[in-house]
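In what follows, a single structure is set out as structure tokens and then discussed.
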Amino acid sequence: MSMQAEAPTLIGSSGDSLREAFGKALSSLADEFKNVVVLDADIAGGTGVHHFRKSHPDRFLQFGIAEQNMMAAAGGLAAVGLQPIVTTFAVFCLRAVEQARLSLAYTRRNAKIVASHPGLDVGPDGGSAQALEDLAAFRAIPGMTVISPADPVETALATRAILEFDGPVYMRTGRSPAKRVFGDDHTFEIGKGKIIRDGKDVTIVACGVEVARAVEAASILSESGINARVVNMATIKPIDTALLKRCAKETGAIVTAEDHNIHGGLGGAVAEALAQTRPCPIEFVGVRDTFGASGEPEELATAFGIDARGIVDAAKKVIARKKKN
Amino acid sequence: MAITLRSIQGDADKAQPKPVRDLESELAHAARFVRQHVIASIYRATSGHPGGSLSCADLLATLLGAEMNVWPNAINDPARDRFVLSKGHAAPALYAIGAYHGFCDRKQSLNLRKLNSPYQGHPHIGDLPWVETSTGSLGQGFSVALGMAMGLKLQRNPARVYTLLGDGELQEGEIWEGAMCAAHHKLENFCAIVDYNKLQSDARNDVIMRLEPLAAKWRAFDWAVAEIDGHNIHEILATFRRVGATHGRPSVIIAHTVKGKGVPYMENIPAWHGSVKLTREQAEDALHALGANHKEIKDYLDVDAS
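Here the protein sequences line up with chains A and B, keeping their order.
Following my numbering, the numbering of the first sequence begins with 3 at its first residue and continues without gaps.
Following my numbering, the numbering of the second sequence begins with 148 at its first residue and continues without gaps.
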């Protein structure tokens, strides 16, 4: 197919994590977006906003280790015309979901939540720190846009996009050094998925760190003659239903891949969209309704079945189901 | 003081000139209006929280009638003071004082808790832009108000931010997160008022979860603390003037109040926390006790508010 020539091979680990990419981008965009203020709960070094703290100390607001107050206070900052960026770990966003619901979403505030340390990608800190429920929780809030960029390049672009966007957003970054998927010519638009490798036998729909693994899985699948399409679905809400319908029609089978519980995240969003428009067999790659554990991110991905091999297995399974239909 | 005596008179008073009342009488008049409106709207809704709406009437009347710079025809003016009803279940009292000062319609705001009415059971900015934020989950309004104060200070905007807290609300951990934060950031433009009526949903505060020593707690968090009689308008007025001059610290006014104040059969009875259904007889008794005459009572309870 025509896009096959453009199919990316992984550019390799850039050494930059998504949190670093976010922190640097935010700092460099701050002079352009003068109403931006950054809220921190004593983990600026962890979330990447230490760059902003250094470059714009007067717009860096310290809340201490008190996320509920921070989340709701963002609503007040937005109410007086500032654009608050709430930053903490994804797991601590969970403790302030209700504040985000009432004081940011119900009130339609122009506030952004940027969460680092999602999923098994957290690694050695272990199960308590690995948020595997955040996409589901924030996706369930009316009016909340939910984004999970794939690599440092896309994270920088998404950072600009959320600052330009008017309304509440939850965006995931990531803790560990991330593989680069995209070149410098990459573009990002909220609400749009993108076919990054074309194929006809199955579509792998992925977000976050799973996009690099999906690309790797597609290469492995091609060795056994399976032609897999890969979609980078960086916006989980609103989901790109038009693209999903097209992929269901053209490939007849879907695999979703996310560093998140298989319930309620990307897989849930894709299944909901297709069940109502163009049903087709779907397999879900994600953490299977359990908690994480300590280990290095790649070890954990293998142990929990969300590495490239896990995606390959799911692709083969869903293709077999397609043929049975 | 942008809410002038002119606006306090209300529409009905404009028709025939009346003797000019002094400020405290004006505020007492507003508080009485709030209480009557609260009873009428809750009766018509067949649910709602009368006890905590009645206990804060004098505080709200004084705040919006004399202390704050707010203008019903300029609800987005950046220079306005902000008020957040953190104890969102006292929405009927907020709608009543709003109606009194022309932020909303006196009749329509009787249409409480009904489908397609903007006067929801708890205030929602999406329906009523003048309520500043949506509340109803205890603790959050306090943090939102704190965020406003922080933002205004950052913008060098001299406007002040006020928030009314319930006493049971102080059991939320978020309140003490915010208390620490407001003092740390020296938010002298931030004033919290505690409607300390001693009762919460199920029972007395000291049965559910003890708050005392309450003033000492706020002092320990480095707030400027005033403790007053929340039904004494003279004292409320004087206290607002005093805390307005506080430097380098947020201030809290612990206002001792009576739950259900003004309606004898409700006073100090936890059952009237709500959400309750008032019978016609109860509503009439309450309005009568609050000084409404026969015609006013009939209007309140029967007028078409849609």
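Ideal Cβ placement from N, Cα and C applies to all residues, glycine included.
The three-state reading of DSSP puts B/C338 in strand, counting E and B together.
The Cβ neighbour count for B/G235, taken over all protein chains shown within 10 Å, is at least 16; the residue is labelled buried. C-alpha of A/D187 to C-alpha of A/M73: approximately 35 Å in a straight line. In summary, the residues of the stretch 86 to 119 of chain A whose CB is separated from some CB of chain B by less than 8 Å are P86, E100, Q101, L104, S105, Y108, T109 and R110, in the order they occur in the chain. 7 Å or more divides the Cβ of B/A178 from the Cβ of B/A226. Contact check for A/A271 against A/T243 fails: the beta carbons are separated by 7 Å or more. B/L299 reaches chain A at V82, counting residues in chain order whose Cβ is nearer than 8 Å. Contact of B/G395 with chain A by beta-carbon distance below 7 Å is absent, the smallest such distance being about 18 Å. DSSP places B/Y412 outside both helix and strand once states are collapsed to three, so it counts as coil. In this structure A/V233 is in contact with A/I206, their Cβ atoms being roughly 7 Å apart against a cut-off of 8 Å. Residue burial is scored here from C-beta neighbours: A/Q70 has at least 16 other C-beta atoms within 10 angstroms and is therefore classed as buried.
Each residue's CA atom was taken as its position, placing B/L170 and B/A402 some 20 Å apart. An exposed status is given to A/S130, since fewer than 16 other beta-carbon atoms sit within 10 Å of its beta-carbon. For the C-beta of A/G66, the chain B residues within less than 8 Å are, from N- to C-terminus, E324, M327, C328 and H331. The beta carbon of A/L79 sits closer than 7 Å to some beta carbon of chain B.
Note that the C-beta distance between B/V372 and B/A385 is not below 7 Å. For a cut-off of 8 Å, the C-beta gap from B/P397 to B/A330 is around 6 Å, short enough to register as a contact.
By the Cβ-count criterion, B/N263 is exposed, with fewer than 16 other Cβ atoms from all chains shown falling within 10 Å of its own Cβ. Its chain contains E279, T280, T282, G288, F289, V291, A292, M295, V308, Y309, T310 and L311 as the residues whose beta carbon lies nearer than 8 Å to that of B/V231, once the 5 sequence neighbours on both sides are disregarded; these appear in chain order. Residue environment: B/R427 is assigned as exposed (fewer than 16 neighbouring CB atoms within 10 Å of its CB, all protein chains considered). At least one beta carbon of chain B lies nearer than 7 Å to the beta carbon of A/A75. Residue-level contact by beta carbon fails for A/Q132 and chain B, as no gap is shorter than 7 Å. Secondary structure remark: continuous beta strand (DSSP E) runs of at least 3 residues inside the stretch 365 to 438 of chain B, in chain order: 371 to 376 and 398 to 403. Contact annotation for A/L246 against chain B: no contact, minimum CB-CB distance about 31 Å [criterion: below 7 Å]. Three or more beta-carbon pairs separated by less than 8 Å are not found between the stretch 302 to 310 of chain A and the stretch 144 to 157 of chain A, which leaves the two stretches without contact.
Close to chain A, meaning a Cβ-Cβ distance shorter than 9 Å, are the following residues of the stretch 277 to 306 of chain B: E279, T280, S281, T282, G283, S284, G286, Q287, G288, F289, S290, V291, A292, L293, G294, M295, A296, M297, G298, L299, L301, Q302, N304 and A306.
The closest CA to that of B/L241, considering only B/S188, B/E335, B/N216 and B/K424, is found on B/S188. At a cut-off of 7 Å between beta carbons, B/I272 contacts chain A.
The continuous alpha helix (DSSP H) containing B/H441 extends over residues H441 to D449. At a C-beta separation below 9 Å, B/E335 has no neighbours in chain A, since its nearest C-beta there lies roughly 16 Å away. Looking at the DSSP output, B/Y266 bridges to nothing. In the DSSP assignment, A/R231 falls within the beta strand (DSSP E) that extends over A230 to N234. At a cut-off of 7 Å between beta-carbon atoms, A/Q70 makes contact with chain B.
Assigned with DSSP and collapsed to three states, A/E285 falls in strand. A Cβ-Cβ separation of about 18 Å leaves A/P179 out of contact with A/S296 under the 8 Å criterion. For A/A23, the CB contacts under 6 Å within the same chain, skipping 5 residues up- and downstream, are P154, T157 and A158 in chain order.
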